[in-house]
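**Q** One structure follows; several queries about it will come next.
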Amino acid sequence: MKTCGAMRRTKTIGTARRGREMNSPFSTRSSIAEGMRQALRREFACPEEHLCSVTASESGEPGFGDMASSSAMGLAKVLRVPPGRIASVMADGLSGLPFVGGVTVDGPGFVNITLSNGYLSSVATRLAREGLAGMLCECGPRGKAMVEFVSSNPTGPLTVGHCRQAVLGDAISRLLSAVGWTVSREYYFNDAGRQMDRLAESLAARCDQLRGGSMPVPEGGYQGDYILDWARDLLVNEPGISWPDDRERFREAATGRAFDLIKSDLELLDICFDRYFAESELIPGPVEEAIERLDRAGLTYPDPDGSGKLWLKLTELGRPEDRVVRRAGGGYTYRMPDIAYHLDKFSRGYDLLVDVFGSDHIDTCRDVEAAVTALLGVERVKRTMRTVIHQFVTLSRGGETVKMSTRSGEFVTLRDLVSEVGSPDVTRFLFLTRRAEAHMDFDLAVARKDSDENPVFYIQYAFARIGGILRIAGDRFRDTDPAQAADLLREPRERALLRLLEALPVRVSEAAEDMAPHRITDTASELATAFHGFYTQHKVMDEGNPPLTRARMLLCLACREGLKGLLEVLGISAPERM
RNA sequence: GCGCCCGUAGCUCAGUUGGAUAGAGCAACGGACUUCUAAUCCGUAGGUCACAGGUUCGAAUCCUGUCGGGCGUACCA
111 MKTCGAMRRT KTIGTARRGR EMNSPFSTRS SIAEGMRQAL RREFACPEEH
161 LCSVTASESG EPGFGDMASS SAMGLAKVLR VPPGRIASVM ADGLSGLPFV
211 GGVTVDGPGF VNITLSNGYL SSVATRLARE GLAGMLCECG PRGKAMVEFV
261 SSNPTGPLTV GHCRQAVLGD AISRLLSAVG WTVSREYYFN DAGRQMDRLA
311 ESLAARCDQL RGGSMPVPEG GYQGDYILDW ARDLLVNEPG ISWPDDRERF
361 REAATGRAFD LIKSDLELLD ICFDRYFAES ELIPGPVEEA IERLDRAGLT
411 YPDPDGSGKL WLKLTELGRP EDRVVRRAGG GYTYRMPDIA YHLDKFSRGY
461 DLLVDVFGSD HIDTCRDVEA AVTALLGVER VKRTMRTVIH QFVTLSRGGE
511 TVKMSTRSGE FVTLRDLVSE VGSPDVTRFL FLTRRAEAHM DFDLAVARKD
561 SDENPVFYIQ YAFARIGGIL RIAGDRFRDT DPAQAADLLR EPRERALLRL
611 LEALPVRVSE AAEDMAPHRI TDTASELATA FHGFYTQHKV MDEGNPPLTR
661 ARMLLCLACR EGLKGLLEVL GISAPERM
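With the numbering used here as the guide, the letters of the first sequence map in order to residues 111 to 688.
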């Protein structure tokens, strides 16, 4: 059964509202698929289970039309009919559709579809008028989604590693809201564990040292210079503070300062959260409740050594090892509150829960998923929970690797990174050009040196060029008749641009479905390339030829909205002039 | 040792979920400003898709093995 991918996508497209048939890329795709399926049903009595994989997608080569389907080859064996014949039946199913300009059957059994110019122009008109956001309205509304990301413990400034996650999580959030989800961003932090004790003690040690004492930074504590700053400030306000009597005060002060840092770091990238969720909110109530539920499900057992430790039977859930969830002293290991936190998220009625984690959390996150699945059921968890795990960033400066460790205090902070790269736009973009699962090398020297010939500027420049044209044209050529544009925009560059513009909403929707923002950076670059190519070859403003000018203005306006929409999804600015 | 991720042009990476001749950007080389912005465009060159098998009409993509890199493998988070 090879249904899943196609089914999922078809469902997405199927949510398109009716009544916009003539200029909706979503309806167009579902009509094309349905046309081909109908023909197959009629001609071959083709079983439904095979029909759902019959689709058409953007074709790679311009020579093979705008869209192509390779489904005939797959059906050949099932139907015991040569693929060429199946393809021509599928092609017949498309005749008469208004947005289809031509259909051919090529090669062993490809159906190649050319979209009509009239249709492409009407989509461009709609894009110019409603913007990309307007086109994407058809996807929603989709319900409530929550994206959890960063979730770094408040022990110091954010580093380069967090930067990738921050940018990724924010872009995924933007993508989801672009296609109709109501998104909230949540930051979860562990303030109840031992790390925070170590941080408090590290701060106390620095205070003591400033007063001439000799209290050492604890084993496994935090050495970073920023803690010295905190210590200085703390002593100004509370000169008499002492360790361990004022343990809680040190803790509060450290947490507060750490969050100030983190929030201001995130602000640099224009990222903010709807909620910061503290682990301590779950202790003890919800965590004990979660343990009880696991207990009732027969998934816990006390350590046979009688020490009072509580184990979770993860091996019964298909995981490699059982884990301790409550220590002998009564404290919890980090997995347990994490499970309780996820149960809490589920209980808040979200339709989609996205976790963005670094690859160092893979093990924990699979354990949490297993536990939650055991309590809530496979169906529900599969339906609502999605995990994006990204690989690490290795940072280098001119080819030399920079080693990083938060505790030792050797790292490049997000703040340093953004200021060294010189622009939040460039930082965002560079982090988003790679897919999450791929390792990533980030060479600071290159990022800075190239900032003149950066892909970001390339895209922004396309937008600014359109701005230039619009400033000169004013409102003179704004009212374009789509039918006339369809007749006039026939140069290869114009056609290529129209075709790409038509595909934008679908690409965004698919990127959202797969939570893959890197496809948006790709598409934005592609659109900029298509526009620069058009711009260089054809003059838009021609006072002697108002109809052609109007038609090309339409192209510019649609392209402008396309670029603006894509940059918005990426969280990157779209400057009117450069 | 075991688990997860990755290996594609000199470098950094895409590759429409198994389709047609594997693509961009940098870097290299050669061209284009009397034009709505040259932060641009056009052209050339660059590949045993880590390696070896397998699955089938068809594999960079799926399965197995090998090699190489990253991350895990805590009663840290």
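Every residue gets a Cβ at the ideal spot worked out from N, C-alpha and C, and that includes glycine.
Quick one: what's got a C-beta closer than 7 Å to I123's C-beta in the same chain, skipping five residues either side?
**A** By 1-based counting over the first sequence, the position of residue 123 is 13. Any reading at I123 must be qualified, since the residue scores a pLDDT of 35, below 50, and its modelled position is unreliable; the value itself is stated next. F136, R139 and S140, listed in sequence order.
**Q** Run through DSSP, which three-state label would D380 get?
**A** Within the first sequence, residue 380 is the residue found at index 270, counting from 1. In the structure shown, D380 sits in coil (DSSP, three-state: anything other than H, G, I, E or B).
**Q** Can you name the residues that DSSP bridges to F502?
**A** Walking along the first sequence from the start, residue 502 turns up at place 392. The partner list for F502 (beta bridge, DSSP) is empty, contrary to what the question assumes.
**Q** Tell me the DSSP secondary structure of M111 in three-state form.
**A** By one-based count along the first sequence, residue 111 stands at place 1. Reliability of the predicted coordinates at M111 is poor, the pLDDT of 31 falling under 50, and the value obtained from them is presented with this limitation in mind. In the structure shown, M111 falls within a coil segment according to DSSP collapsed to helix, strand and coil.
**Q** DSSP has V512 in a bridge; who is on the other side?
**A** Translated into positions along the first sequence, residue 512 becomes position 402. Bridge partners of V512: L505.
**Q** DSSP beta-bridge partners for G212?
**A** The residue given as residue 212 occupies position 102 in the first sequence. Per DSSP, T224.
**Q** Hey, out of L378, K674 and D355, whose CA is closest to Y571's CA?
**A** Looking up residue 571 in the first sequence gives position 461. Of the listed residues, the one whose Cα sits closest to Y571 is K674.
**Q** Tell me the start and end of each unbroken alpha helix (DSSP H) in the region 451-507 that is at least 4 residues and wholly inside, in chain order.
**A** Correct list: 472-486 and 488-494.
**Q** Return the chain-ordered list of same chain residues with a C-beta closer than 7 Å to the C-beta of Q647, the five sequence neighbours on each side being excluded.
**A** Translated into positions along the first sequence, residue 647 becomes position 537. For Q647, where only same-chain residues beyond five positions count, the Cβ hits under 7 Å are R603.
**Q** Can you tell me which residues form a DSSP beta bridge with W421?
**A** Your numbering for residue 421 matches position 311 in the first sequence. According to DSSP, W421 bridges with Y411 and V434.
**Q** Among R437, A400, T425 and V488, whose alpha-carbon lies nearest the alpha-carbon of P447?
**A** For this step, residue 447 is matched to residue 337 along the first sequence. Of the listed residues, the one whose Cα sits closest to P447 is A400.
**Q** Give the secondary structure of S232 by DSSP, where H, G and I count as helix, E and B as strand, and everything else as coil.
**A** As a first step, residue 232 must be located in the first sequence, where it is residue number 122. Looking at S232 - three-state DSSP - the assignment turns out to be helix.
**Q** For A548, collect the residues of the same chain with a Cβ closer than 8 Å to its Cβ; drop the 5 residues on either side in sequence, then sort them by chain order.
**A** By one-based count along the first sequence, residue 548 stands at place 438. Excluding sequence neighbours, A548 sits near Q501.
**Q** May I ask which residues mark the beginning and end of the beta strand (DSSP E) holding Y298?
**A** Position 188 of the first sequence, counting from 1, holds the residue named residue 298. Where Y298 is concerned, the enclosing beta strand (DSSP E) stretches over W291 to F299.
**Q** Is the beta carbon of R525 less than 8 Å from the beta carbon of P267?
**A** Here residue 525 refers to the residue found at position 415 when the first sequence is read from its first residue. Here residue 267 refers to the residue found at position 157 when the first sequence is read from its first residue. Taking 8 Å as the cut-off, the beta carbon of R525 is found closer than this to the beta carbon of P267.
**Q** Which residues in the same chain as L677 place their Cβ atom closer than 8 Å to its Cβ, once the five residues preceding and following it in sequence are excluded?
**A** Numbered from its first residue, the first sequence carries residue 677 at position 567. Once the five neighbours on either side are set aside, the close Cβ partners of L677 are I569, Q570, F573, A634, S683 and A684.
**Q** At which residues does the beta strand (DSSP E) containing K559 begin and terminate?
**A** Here residue 559 refers to the residue found at position 449 when the first sequence is read from its first residue. Per DSSP, K559 belongs to no beta strand (DSSP E); it is in the alpha helix (DSSP H), L554 to K559.
**Q** Identify whether F387 lies in helix, strand or coil by the three-state DSSP scheme.
**A** In the first sequence, counting from the first residue as 1, residue 387 sits at position 277. Strand at F387.
**Q** Leaving out the 5 sequence neighbours to the left and right, which residues in its chain are closer than 8 Å to H471 when beta-carbon positions are compared?
**A** As a position in the first sequence, residue 471 is number 361, starting the count at 1. The residues are I499.
**Q** Would D318 and W353 be called neighbours here (beta carbons separated by less than 8 Å)?
**A** Locating residue 318 in the first sequence gives position 208, counting from the first residue. Locating residue 353 in the first sequence gives position 243, counting from the first residue. Yes.
**Q** What is the residue span of the beta strand (DSSP E) that G253 lies within?
**A** Position 143 of the first sequence, counted from the start, is the residue given in the question as residue 253. Start and end: G253 to E258.
**Q** Go to M132, then tell me how far its beta strand (DSSP E) extends in each direction, as first and last residue.
**A** Numbered from its first residue, the first sequence carries residue 132 at position 22. Per DSSP, M132 belongs to no beta strand (DSSP E) and is neither H nor E.
**Q** In angstroms with no decimal places, state the Cα-to-Cα distance between F259 and M651.
**A** For the purposes of this step, residue 259 is taken as residue 149 along the first sequence, with counting starting at 1. For the purposes of this step, residue 651 is taken as residue 541 along the first sequence, with counting starting at 1. Computed Cα separation, rounded: 47 Å.
**Q** When DSSP labels each residue in this structure, what does T590 get in the three-state scheme?
**A** Taking the first residue of the first sequence as 1, we reach residue 590 at position 480. Here T590 sits in coil by DSSP.
**Q** How would you call R118, buried or exposed, if buried means at least 16 neighbouring beta carbons within 10 angstroms?
**A** Within the first sequence, the letter at position 8 stands for residue 118. Note on R118: pLDDT 37, under 50, position unreliable in the model; the coordinate value appears next. Exposed.
**Q** Leaving out five residues before and five after V679 in sequence, what residues of the same chain have Cβ atoms less than 6 Å from its Cβ?
**A** What you label residue 679 is simply residue 569 of the first sequence in a count that begins at 1. Counting only Cβ-Cβ distances below 6 Å, and skipping sequence neighbours, we find R284, L285, A288 and I630.
**Q** Measure how close the beta-carbons of W340 and A363 come, nearest whole angstrom, since I'm counting them as under 8 Å.
**A** As a first step, residue 340 must be located in the first sequence, where it is residue number 230. As a first step, residue 363 must be located in the first sequence, where it is residue number 253. At roughly 7 Å, the Cβ-Cβ gap stays under 8 Å, so W340 and A363 are in contact.
**Q** Could you tell me the distance, in whole angstroms, from the CA atom of A622 to the CA atom of I337?
**A** Mapped onto the first sequence, residue 622 falls at position 512. Mapped onto the first sequence, residue 337 falls at position 227. Each residue's alpha carbon lies about 40 Å from the other.
**Q** Over what stretch of residues does the alpha helix (DSSP H) that includes S179 continue unbroken?
**A** Counting from one through the first sequence, the residue named residue 179 turns up at place 69. Not the alpha helix (DSSP H): S179 falls in the beta strand (DSSP E), residues M177 to S179.
**Q** Between which two residues does the alpha helix (DSSP H) carrying F641 extend?
**A** Position 531 of the first sequence holds residue 641. Unbroken alpha helix (DSSP H) run through F641: H628 to Q647.
**Q** As a quick exercise: from A640, A302 and P412, pick the residue whose alpha carbon is nearest that of C669.
**A** Residue numbering aside, residue 669 sits at position 559 when the first sequence is read from its first letter. Among A640, A302 and P412, the Cα nearest to that of C669 belongs to A640.
**Q** Which value, in whole angstroms, describes the spacing of the CA atoms of R538 and T265?
**A** Counting from 1 along the first sequence, the entry for residue 538 is found at position 428. Counting from 1 along the first sequence, the entry for residue 265 is found at position 155. If I take the Cα positions, the gap works out to 24 Å.
**Q** Taking buried to mean at least 16 other C-beta atoms within 10 Å of its own C-beta, is P430 buried or exposed?
**A** Against the first sequence, residue 430 aligns to sequence position 320. By the neighbour-count rule (16 or more Cβ atoms within 10 Å), P430 is not buried but exposed.
**Q** By alpha-carbon positions, which one of L278, V482, A143 and F220 ends up nearest to R545?
**A** Locating residue 545 in the first sequence gives position 435, counting from the first residue. Per the Cα distances, L278.
**Q** Apart from the five residues on each side of it in sequence, which residues of its chain come closer than 6 Å, Cβ to Cβ, to A596?
**A** Taking the first sequence and counting its residues from 1, one reaches residue 596 at position 486. Here the set comprises N227, G228 and S231.
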